[in-house]
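Undergrad: Right, I'll just put the structure down here and ask away after.
Protein chains in written order, with my numbering: chain F, 161 to 640; chain B, 161 to 640.
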């Protein structure tokens, strides 16, 4: 962060991103390589995310539980793809209580293995199914290159784990939770996402199929914001989670897992922030409005602060998260600057002249300022917050559409990815060799094989790379 | 858990405790030594505890944040008493990402060290104080003997950490949070606790003073349910957390830390459970009422289930956590048995005859059963839950008083501790040698040097052990 302010997005998007985090006091670097400290303002956003998601998970029948942080190293090895994917990234506890352990323990990179070891004990019969669990916790994946929120060695997340009697039911669950994620991202984060299937090279280690929600950031790079996996019977077989079926036979359970993490906070920053700092969608804003009382001298102070407190109380009754900034020895301008950097959606300025006129000056973080009558302010502010939420979503969606191209040729794909970026839709033969060649040439990956709703009106005829017949449409982009 | 049911408290309290946990499906043993799985029913109790406490922490000005799980081993060593207390219990990560680490990392046993390393960066001036932080997280302490909830290698907890400009302010904070804990334990857990100071031998490693809340369990052993520490400037000096004072000088911050953990779930079980299973105080019950519809044949089923659903909806409108047990192929008696084991405070039985009479049979988990009119049921049940909550607290308090003795002699202390147990109040010279001798002889420790409110009307004149003049009154008990 420079002395004068934050780096602009145009000058250096990565530097801008870090500057926004520092100015808004969302997080900080810790003395432990790759691990971050989430400061109260950033953590509050995460808590609001958790609150909304947790309610949606419970409404769809899931229950929270807690499984151990430490997993015997041998557990990972039971599922072949899983160990290949995760073992290189694990942090390993070799000593504890002053002694070397007989078997090293890894810090969970994800909890399938320990959970399936328990399900083998709990699930006996079809009557015990489905099992619909969720866990809010920390995980550790030893990343070489880390970035605050987006990729940290330790991160906070939720991991849903469910077991079902049939493949269809598990598949439906994986799709249902993908839909829950999409709804959350669109309605709460004001972030439009495209949903679809991941290719085999991008899927979760151990999954049969991985579905993802992909958002487009302001630098035109993609961000995978959440994934939902159909695990088939892979983990059930590895951990012998068998049950007696309704017809008296034995079968392995069919399962899913799905997760979103503190990475979403990074997505929120990159989707909405501007060159002044954070822009927080009202539904996830720690404070939705800040009241700045303006006074000259002690004579004015008492009356203004008292009025500001009354306004605060009225807004709180209307369900608005709001505070009054009564700090002494700080000019109003300095307060405006701070709350703008922190992304508070609405600032209310209240001075003696406003009071005399029965009004308050309302400034939107996203632009626009004007007087509002104090009478009926609560519902008016609540409505303004809804408008801001909607406008952020609409703007993000228009930006994404403006930065998506469809039906590209090979040259257009290259030019687009290496130039302005964005989502690039094209035909795909389905051959991992083409996918790999495109990645090597352009650093773009298949973000998703989009769900029907997002596919182009006309299905592409030929693979953008090899010109063989296209089996699928794919969306390419450089990504975080 | 025997085939027929659970062990009685009188037969074997420790076995009873485990049986209650298994029957209520609160938790289970994991394949990782000393680590437990908290199952949904137990986790829901913890979530309700978290919700109540979090609200109290926020109301007293604290903000949540998240600090890293992993701490450089050298950090622990900076505070001499701290490392001596915690180093032997740490789990150590020596390898990560496929390589040996240059410096081993310990999994946090508590987070003072990493937090003070950050405060050194954040705190410059008295204007930055106080810092009032809290963190909900997991910690690991390598325990040799573990017990579900009470002492596990990994446990979930909250740790508050605050920094202040003066010693008085920090001391007031440590006391304030002790009061918050006491209020939570008494009003939510229905668990009366005595508060007071820990002796030096029992205080937190690195603290100047440790305050604690101590509850008495049904086997007459004490349980430390929460602690609050005045840390003086110990960690501030170790991590050089200095600030410019209002008068222009420099000083180290004065700090506190305070924590409660999933151990409280164990306390709840041992304070209220009976030989049938868990008895959950209504305010922390995952379900406060369960409706069991009773029908014979399909003809009756529809009407009864529909009526039960209406009752459920009405109770929910009254703010009651309630569900209908509509499981097929399971007799009402089996349902009663299950929900009793799980500690649901009120069971509502609803059959065709009840419906015809416009009533429902209400059975309290703590005893007593009778009809209630369906009309006005919501407020009536809400009131009954309050009555049950109050009755549990009163019973626990009476039990504690009945099992407390005051002004004992040396022989009485020994006889009491080795006999019926309970809280034993007596004079204490303050010499650690006496404390140690009592512990060796009886396995009893000083639970607290009680706060004024809990002290005996007449201050004891002589030390119960050495007969020298008593400086203090102490409360002895065997404890978990």
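Don't be surprised by glycine CBs; every beta carbon is placed ideally from N, CA and C.
1) When you compare the CB of residue 211/F with every CB in chain B, is at least one pair closer than 8 Å?
2) Along chain B, which residues have their Cβ under 7 Å away from the Cβ of residue 302/F?
3) Any idea what DSSP makes of residue 173/B, helix, strand or coil?
4) Expressed to the nearest angstrom, what Euclidean distance is found between the alpha-carbon atoms of residue 184/F and residue 377/B?
5) Report yes or no: is there a C-beta of chain B within less than 8 Å of the C-beta of residue 227/F?
6) Determine the direct distance from the alpha carbon of residue 331/F to that of residue 271/B, and round the result to whole angstroms.
7) Quick check on the burial criterion: 16 or more other C-beta atoms within 10 angstroms. Buried or exposed for residue 489/B?
8) Pick out the complete beta strand (DSSP E) segments inside the segment 382-463 of chain B, 3 residues or longer, and give them in chain order.
9) In angstroms with no decimal places, state the Cα-to-Cα distance between residue 103/F and residue 602/F.
10) Under 9 Å Cβ-Cβ, which residues of chain F neighbour residue 626/B?
11) In whole angstroms, give me the CA-to-CA distance for residue 162/B and residue 509/B.
12) For residue 188/B, decide whether its Cβ has a neighbour in chain F, counting only Cβ atoms nearer than 8 Å.
13) Please state whether the Cβ-Cβ distance between residue 524/F and residue 532/F is less than 8 Å.
14) Check each candidate in 435/B, 519/B and 194/B and name the one with the smallest Cα separation from residue 172/B.
15) Rounded to whole angstroms, what's the CA-CA distance from residue 506/B to residue 454/F? Just pull it up for me.
16) For the beta strand (DSSP E) containing residue 315/B, list its first residue and its last residue.
17) Thinking just about the alpha-carbon of each residue, which of 335/F, 189/F, 198/F and 452/F is nearest to the one in residue 416/F?
18) So, with DSSP's three-state summary, where would you put residue 370/B?
19) How about residue 178/B: is its C-beta nearer than 8 Å to some C-beta of chain F?
20) Could you run through the segment 451-463 of chain F and flag, in chain order, every residue whose CB is less than 9 Å away from some CB of chain B?
21) Quick check on the burial criterion: 16 or more other C-beta atoms within 10 angstroms. Buried or exposed for residue 262/F?
22) Would residue 267/B and residue 228/B be called neighbours here (beta carbons separated by less than 8 Å)?
23) Within 8 Å of any Cβ in chain F, is that where the Cβ of residue 248/B sits?
24) Nearest CA to the CA of residue 605/F: which residue from 354/F, 560/F, 350/F and 361/F?
25) Which word fits residue 410/F, buried or exposed, when buried means at least 16 other C-beta atoms lie within 10 angstroms of its C-beta?
26) Quick one: residues in its chain with C-beta nearer than 6 Å to the C-beta of residue 242/F, no 5 flanking neighbours on either side, listed in chain order?
27) Hey, residue 344/B and residue 444/B: beta-carbon distance below 8 Å or not?
28) Touching or not, the segment 611-628 of chain F and the segment 584-598 of chain F, by the rule of three or more beta carbon pairs under 8 Å?
29) Give the range of the beta strand (DSSP E) segment to which residue 529/B is assigned.
30) Out of curiosity, what's the CA-to-CA distance linking residue 440/B and residue 496/F?
31) Could you pull out every unbroken alpha helix (DSSP H) segment of at least 4 residues lying fully inside the segment 171-247 of chain F, listed in chain order?
32) Pull up the DSSP beta-bridge partners for residue 253/B, would you.
33) Tell me the residue span of the beta strand (DSSP E) that contains residue 293/B.
34) Can you pull the chain B residues whose beta carbon is under 9 Å from the beta carbon of residue 380/F, in chain order?
35) Is there at least one Cβ from chain F nearer than 8 Å to residue 563/B's Cβ?
36) Does residue 278/F come within less than 8 Å of chain B when only Cβ atoms are used?
TA: In this structure, then:
1) Along the first chain, read from residue 1 onward, the residue named residue 211/F stands at position 51. For residue 211/F, the answer is no, since every Cβ of chain B falls outside 8 Å of its Cβ.
2) By one-based count along the first chain, residue 302/F stands at place 142. Near residue 302/F (Cβ distances below 7 Å), the residues of chain B are 256 and 257.
3) If you number the second chain from 1, residue 173/B lands on position 13. Helix.
4) Counting from one through the first chain, the residue named residue 184/F turns up at place 24. Counting from one through the second chain, the residue named residue 377/B turns up at place 217. Between residue 184/F and residue 377/B, the C-alpha separation is close to 47 Å.
5) Position 67 of the first chain, counted from the first residue, corresponds to residue 227/F. Yes, contact with chain B.
6) Looking up residue 271/B in the second chain gives position 111. Looking up residue 331/F in the first chain gives position 171. When rounded, the distance between both Cα atoms is 41 Å.
7) In the second chain, residue 489/B corresponds to position 329, counting from 1. Exposed, since its Cβ has fewer than 16 Cβ neighbours within 10 Å.
8) 382-392, 402-404, 410-412, 414-421 and 449-453
9) No statement about residue 103/F is possible, as the shown extent of chain F runs from 161 to 640 and does not include it.
10) Residue mapping note: residue 626/B aligns to position 466 of the second chain, counting from 1. Residues of chain F passing the Cβ test: none, with the nearest at roughly 35 Å.
11) By 1-based counting over the second chain, the position of residue 162/B is 2. By 1-based counting over the second chain, the position of residue 509/B is 349. Confidence in residue 162/B is poor, its pLDDT being 49 and thus under 50, which makes the residue's placement unreliable; the coordinate value appears in the next sentence. Between residue 162/B and residue 509/B, the C-alpha separation is close to 28 Å.
12) Indexing the second chain from 1 puts residue 188/B at position 28. For residue 188/B, the answer is yes, since a Cβ of chain F falls inside 8 Å of its Cβ.
13) Locating residue 524/F in the first chain gives position 364, counting from the first residue. Locating residue 532/F in the first chain gives position 372, counting from the first residue. No. Outside cutoff.
14) As a working mapping, residue 172/B is identified with position 12 in the second chain. Of the listed residues, the one whose Cα sits closest to residue 172/B is 435/B.
15) Stepping through the second chain from its first residue, residue 506/B is reached at position 346. Stepping through the first chain from its first residue, residue 454/F is reached at position 294. One C-alpha to the other measures close to 55 Å.
16) For the purposes of this step, residue 315/B is taken as residue 155 along the second chain, with counting starting at 1. Run containing residue 315/B: 314-324, per the beta strand (DSSP E) assignment.
17) For the purposes of this step, residue 416/F is identified with residue 256 of the first chain, where counting begins at 1. Answer by Cα proximity: 335/F.
18) What you label residue 370/B is simply residue 210 of the second chain in a count that begins at 1. The answer is strand: DSSP assigns residue 370/B an E or B state.
19) For the purposes of this step, residue 178/B is taken as residue 18 along the second chain, with counting starting at 1. Taking Cβ atoms only, chain F never reaches closer than 8 Å to residue 178/B, which makes this a no.
20) none
21) Locating residue 262/F in the first chain gives position 102, where the first residue counts as 1. Exposed: under 16 other Cβ atoms inside 10 Å.
22) As a working mapping, residue 267/B is identified with position 107 in the second chain. As a working mapping, residue 228/B is identified with position 68 in the second chain. Their beta carbons are not under 8 Å apart, which means residue 267/B does not touch residue 228/B by this criterion.
23) Your numbering for residue 248/B matches position 88 in the second chain. By this cut-off, residue 248/B is an interface position.
24) Here residue 605/F refers to the residue found at position 445 when the first chain is read from its first residue. For residue 605/F, the nearest C-alpha among the options comes from 361/F.
25) Translated into the one-based positions of the first chain, residue 410/F becomes position 250. Flag for residue 410/F reads exposed.
26) For the purposes of this step, residue 242/F is taken as the residue at position 82 of the first chain. Once the five neighbours on either side are set aside, the close Cβ partners of residue 242/F are 365 and 366.
27) Reading the second chain from its first residue, position 184 is the one you call residue 344/B. Reading the second chain from its first residue, position 284 is the one you call residue 444/B. No. Outside cutoff.
28) yes
29) Within the second chain, numbered from 1, the residue matching residue 529/B stands at position 369. Unbroken beta strand (DSSP E) run through residue 529/B: 529-533.
30) Stepping through the second chain from its first residue, residue 440/B is reached at position 280. Stepping through the first chain from its first residue, residue 496/F is reached at position 336. Distance between the alpha carbons of residue 440/B and residue 496/F is about 49 Å.
31) 173-183, 200-219, 233-236 and 240-246
32) Indexing the second chain from 1 puts residue 253/B at position 93. Beta-bridge pairing links residue 253/B to 253/F and 265/B.
33) The residue given as residue 293/B occupies position 133 in the second chain. It spans 291-300 - the beta strand (DSSP E) in which residue 293/B sits, taken as one unbroken run.
34) Numbered from its first residue, the first chain carries residue 380/F at position 220. Going along chain B, no residue has its Cβ under 9 Å from residue 380/F, so there is no contact; the nearest lies around 30 Å.
35) Along the second chain, one-based indexing puts residue 563/B at 403. For residue 563/B, the answer is no, since every Cβ of chain F falls outside 8 Å of its Cβ.
36) Along the first chain, read from residue 1 onward, the residue named residue 278/F stands at position 118. So, interface residue.
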